[in-house]
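Mapping of the sequence shown onto the working numbering: position 357 corresponds to residue 358, and the numbering continues sequentially without gaps.
Beta carbons: idealized from backbone N, C-alpha and C, even for Gly.
A quick note: this is a predicted structure, and the numbers were derived from the prediction, not measured.
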Amino acid sequence: MKTFAVDEMATACVQRVALALTRLTGRRYGVGVGVGVEGGGGGSGGAFFGEKVARLDGTQQPLWDAVSGDYRAGGTEHADWIRIHANFSAHRAAALAVANVHADADADAAIKPAVAAALAAWPAPAAVAAIERAGGCAARLTPLSEWQAGALHGLCRHAPLVSVRALPPASAAARVPAADALSSPRASPRAPLAGLRVLDLTRVLAGPTCTRILAAHGAQVLHVSCEALDKLPSLDVITGVGKRSCVLDLKSASGREKLLALIKDAHVFVQAYRPGSLDKLGLSPAALHAVNPSLIYASVSAYAVPGSLSLTDPTSSLDPLAVAQNPWAARRGFDSLVQMTTGICHEGMLDNGSDKPVPLPCQALDHATGWLVAAGILEAICKRSGGFLVEASLVRTSVWLESLGKKEHDDDKFLKTLDGLMEQVKVRGVEGRVLTTLKHPIRCLDTNNEDNDEFDSILGPPEKLGIDEPEWL
């Protein structure tokens, strides 16, 4: 198939993280430390395909709900396509409510045809708007030319891929900055981020990819979820490698108190909720900066332009000017929907002579954005002092991918090249379960030491979220 240059983007993302690690290890250990890429170009190019090749106990896990997918809309004279993302129960319920289809857990095979029949008469823009008003997630198939003519495309072209901004000096006493944490006795050339405490409030793929990268180099990553939130077991086990996992009820006073206690001693805070959605919990960048002035606050979003978050307002994450320029800044979105919105799926349809949307061969926007945020965090650590705000978004990443051009991609052939780059890790919380997953593509080596084995056995992913205590080790 002909598609945008996904593997070139993957290689560039891996190299950016490797460069930042080289700077960190060079400062900490001087000469004799090297940073290499596992498996050469294949290892870095394949970094975006992890969930496509991962196996739990030898079996590939399902990644999509039955309602998720592409639907023809607009009637016969004005046929168009929309995509619905329904992997979370609330989003699924919203789509079914708009389609007036009753959910039946035992009849998944019949649900999608029923939704398709109901949406066929809807104009595509109206269907998307109705689903979003109901609290769901959808996007219309947009031609690239239409997307490029819009204001958001222009804003993205002039924004950094990842924004790294220093937060204003705080009146409160600064805690130990992230750079100083790397002087921990736990740190070594092969685990340069040991001692770094990362609080992970992310879900799905982009944010969890970022924190898995940090964990792969020794950071202590504590993922925080909530019992009330939907889980994605198939993805959670893949992205949970190297992390601990706890649950907190952030709507309760005790849950928020425990989270703030963790934040006070954290070096990095990564969140991937819609901009502004955590404000009511007191978790805006400025609010957390007051709690921990040395904190690196990283945000992943779908449609916000990097640099949109407020540095100073503790009550509101989004800068009012950013919202005025980009009304979609807080819009719900996922990789597959952003591909529809930004012309990627329409180009795939045209390039491959298809009569339906053709997406990228992987969730490349999620993966790339996760790698870019990880690079931004490492670059902030290199600056050594004070708090920083790191931002990246799927929509900005899509504009970068668009600029890289297109190439032929044979998915089956490419995935076979990754067979030699797999490893097995034990799943925590249950005996005998094994995850076969892609090796992390970057390896830090101590060239002065002949023993270049892994710094430690890899911490296996939790069998389910929440099996650890909400505390730092």
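If Ser235 sits next to Pro360, beta carbons under 8 Å apart, how far is it from one beta carbon to the other, in whole angstroms? As a first step, residue 235 must be located in the sequence shown, where it is residue number 234. As a first step, residue 360 must be located in the sequence shown, where it is residue number 359. Not confirmed; about 18 Å, so no contact.
DSSP beta-bridge partners of Pro169: Within the sequence shown, numbered from 1, the residue matching residue 169 stands at position 168. Looking at the DSSP output, Pro169 sits in no beta bridge, so it has no partner there.
Is it the case that the region 436-447 contacts the region 412-425, given that we only count it when at least three CB pairs across the two stretches are under 8 Å? The region 412-425 is in contact with the region 436-447.
Of all the alpha helix (DSSP H) runs that stay within the bounds of the region 361-436, which reach a length of 4 or more residues? Those alpha helix (DSSP H) runs which fall completely within the region 361-436 and span 4+ residues are 365-383, 395-404 and 412-417.
Taking Leu57 as the reference, which of Glu470, Lys427 and Gly467 has the closest Cα? Taking the first residue of the sequence shown as 1, we reach residue 57 at position 56. Out of Glu470, Lys427 and Gly467, Lys427 has the C-alpha closest to the C-alpha of Leu57.
Just to confirm before moving on: does the CB-CB distance between Gln364 and Leu206 stay below 7 Å? For the purposes of this step, residue 364 is identified with residue 363 of the sequence shown, where counting begins at 1. For the purposes of this step, residue 206 is identified with residue 205 of the sequence shown, where counting begins at 1. Yes, the pair counts as a contact, with Cβ atoms nearer than the cut-off.
Looking at the secondary structure, which residues open and close the beta strand (DSSP E) in which Trp148 lies? Here residue 148 refers to the residue found at position 147 of the sequence shown. Per DSSP, Trp148 is not a residue of any beta strand (DSSP E); the alpha helix (DSSP H) it occupies stretches across Leu145 to Gln149.
Quick one: is Arg141 buried, meaning 16 or more other Cβ sit within 10 Å of its Cβ, or exposed? Within the sequence shown, residue 141 is the residue found at index 140, counting from 1. Its Cβ being crowded by 16 or more others within 10 Å, Arg141 is buried.
Helix, strand or coil for Ala122, going by three-state DSSP, please let me know. Indexing the sequence shown from 1 puts residue 122 at position 121. It is coil, neither helix nor strand.
Val129 (DSSP reduced to helix, strand or coil): Here residue 129 is taken as the residue at index 128 of the sequence shown, counted from 1. Three-state DSSP puts Val129 in a helix.
In whole angstroms, what separates the C-alpha of Ser394 from that of Ile468? Taking the first residue of the sequence shown as position 1, residue 394 is located at position 393. Taking the first residue of the sequence shown as position 1, residue 468 is located at position 467. Each residue's alpha carbon lies about 30 Å from the other.
Pairwise C-alpha distance: Ala19 and Asp457: Position 456 of the sequence shown holds residue 457. Position 18 of the sequence shown holds residue 19. Model confidence at Asp457 stands at a pLDDT of 46, short of 50, so the residue's coordinates are unreliable and nothing is read from them.
Based on DSSP bridge pairs, tell me the residues matched to Trp65. Counted from its first residue, the sequence shown places residue 65 at position 64. For Trp65, which the question treats as bridged, DSSP gives no partner whatsoever.
Nearest CA to the CA of Asp280: which residue from Thr12, Asp105, Pro315 and His347? Locating residue 280 in the sequence shown gives position 279, where the first residue counts as 1. In terms of Cα proximity to Asp280, the closest of Thr12, Asp105, Pro315 and His347 is Pro315.
Proximity test, Lys259 beta-carbon vs the ligand SAM heavy atom, cut-off 6 Å: Of the ligands one can find in the structure shown there are none, so the ligand SAM has no counterpart to examine.
Does chain B have any CB closer than 7 Å to the CB of Tyr72? Given the protein chain composition of this structure (a single chain), no chain B is represented.
Rounded to whole angstroms, what is the Cα-Cα separation between Arg198 and Ser255? The residue given as residue 198 occupies position 197 in the sequence shown. The residue given as residue 255 occupies position 254 in the sequence shown. Each residue's alpha carbon lies about 22 Å from the other.
Closest to His159 by C-alpha separation, out of Lys113, Gln221 and Arg397, would be which residue? Here residue 159 is taken as the residue at index 158 of the sequence shown, counted from 1. That would be Arg397, whose Cα lies nearest to the Cα of His159.
What did DSSP end up calling Lys3 once you bin it into helix, strand or coil? Here residue 3 refers to the residue found at position 2 of the sequence shown. It is a strand residue.
Residue nearest to Trp372 in terms of C-alpha spacing, selected from Glu470, Asn101, Arg333 and Gly208: If you number the sequence shown from 1, residue 372 lands on position 371. Comparing Cα-Cα distances from Trp372 to each of Glu470, Asn101, Arg333 and Gly208, the minimum goes to Gly208.
Which runs of the alpha helix (DSSP H), 4 residues or longer, sit entirely within the region 184-226? Correct list: 207-217.
I need the straight-line Cα distance from Cys247 to Pro358, nearest angstrom please. Within the sequence shown, residue 247 is the residue found at index 246, counting from 1. Within the sequence shown, residue 358 is the residue found at index 357, counting from 1. Rounded to whole angstroms, Cys247 to Pro358 spans 39 Å at the Cα level.
Who are the Cβ neighbours of Ala100 in its own chain at under 8 Å, not counting the five residues just before and after it? Position 99 of the sequence shown holds residue 100. Around Ala100: Ala115, Val116, Ala119 and Leu120.
So who's on the other strand from Trp82, going by DSSP bridges? Walking along the sequence shown from the start, residue 82 turns up at place 81. Beta-bridge pairing links Trp82 to Arg73.
Alpha carbon to alpha carbon, how far is Ile214 from Cys383? Taking the sequence shown and counting its residues from 1, one reaches residue 214 at position 213. Taking the sequence shown and counting its residues from 1, one reaches residue 383 at position 382. Distance between the alpha carbons of Ile214 and Cys383 is about 17 Å.
Check whether the region 79-96 touches the region 334-346, counting contact only when three or more Cβ pairs, one atom from each stretch, lie closer than 8 Å. Yes, the region 79-96 is in contact with the region 334-346.
Rounded separation between Met10 and Leu405 - CA only: Sequence index remark: in the sequence shown, residue 10 carries index 9 (1-based). Sequence index remark: in the sequence shown, residue 405 carries index 404 (1-based). When rounded, the separation of the alpha-carbon atoms in Met10 and Leu405 is 8 Å.
Hey, how far is the Cα of Val391 from the Cα of Ala110? Within the sequence shown, residue 391 is the residue found at index 390, counting from 1. Within the sequence shown, residue 110 is the residue found at index 109, counting from 1. Taking the straight line from one Cα to the other gives about 42 Å.
Continuous alpha helix (DSSP H) stretch holding Ala139: start and end: Locating residue 139 in the sequence shown gives position 138, where the first residue counts as 1. Ala139 -> not in any alpha helix (DSSP H); beta strand (DSSP E) instead, spanning Cys138 to Arg141.
If you measure between the beta carbons of Gly430 and Pro463, is that distance less than 7 Å? Here residue 430 corresponds to residue number 429 of the sequence shown, with the count starting at 1. Here residue 463 corresponds to residue number 462 of the sequence shown, with the count starting at 1. A contact, by the Cβ cut-off of 7 Å.
According to DSSP, is Arg275 part of a helix, a strand, or is it coil? Residue numbering aside, residue 275 sits at position 274 when the sequence shown is read from its first letter. It is coil, neither helix nor strand.
Please name the residue in Trp82, Leu310, Phe50 and Val15 whose C-alpha comes closest to that of Tyr274. Your numbering for residue 274 matches position 273 in the sequence shown. Of Trp82, Leu310, Phe50 and Val15, the residue nearest in Cα terms is Leu310.
Measure the alpha-carbon distance for Lys265 versus Val374 and round it to whole angstroms. Sequence index remark: in the sequence shown, residue 265 carries index 264 (1-based). Sequence index remark: in the sequence shown, residue 374 carries index 373 (1-based). Cα-Cα distance, rounded: 21 Å.
Status (buried if at least 16 other CB within 10 Å, exposed otherwise) for Thr475: A query on residue 475 cannot be resolved here, the shown segment of the chain reaching from 2 to 474 and no further.
For Lys3 and Glu409, the rounded distance between their alpha carbons: Numbered from its first residue, the sequence shown carries residue 409 at position 408. Numbered from its first residue, the sequence shown carries residue 3 at position 2. Near 4 Å, if we compare the C-alpha coordinates of Lys3 and Glu409.
So what's Val301 in DSSP terms, helix, strand or just coil? Your numbering for residue 301 matches position 300 in the sequence shown. Here DSSP, grouped into helix, strand and coil, assigns Val301 to strand.
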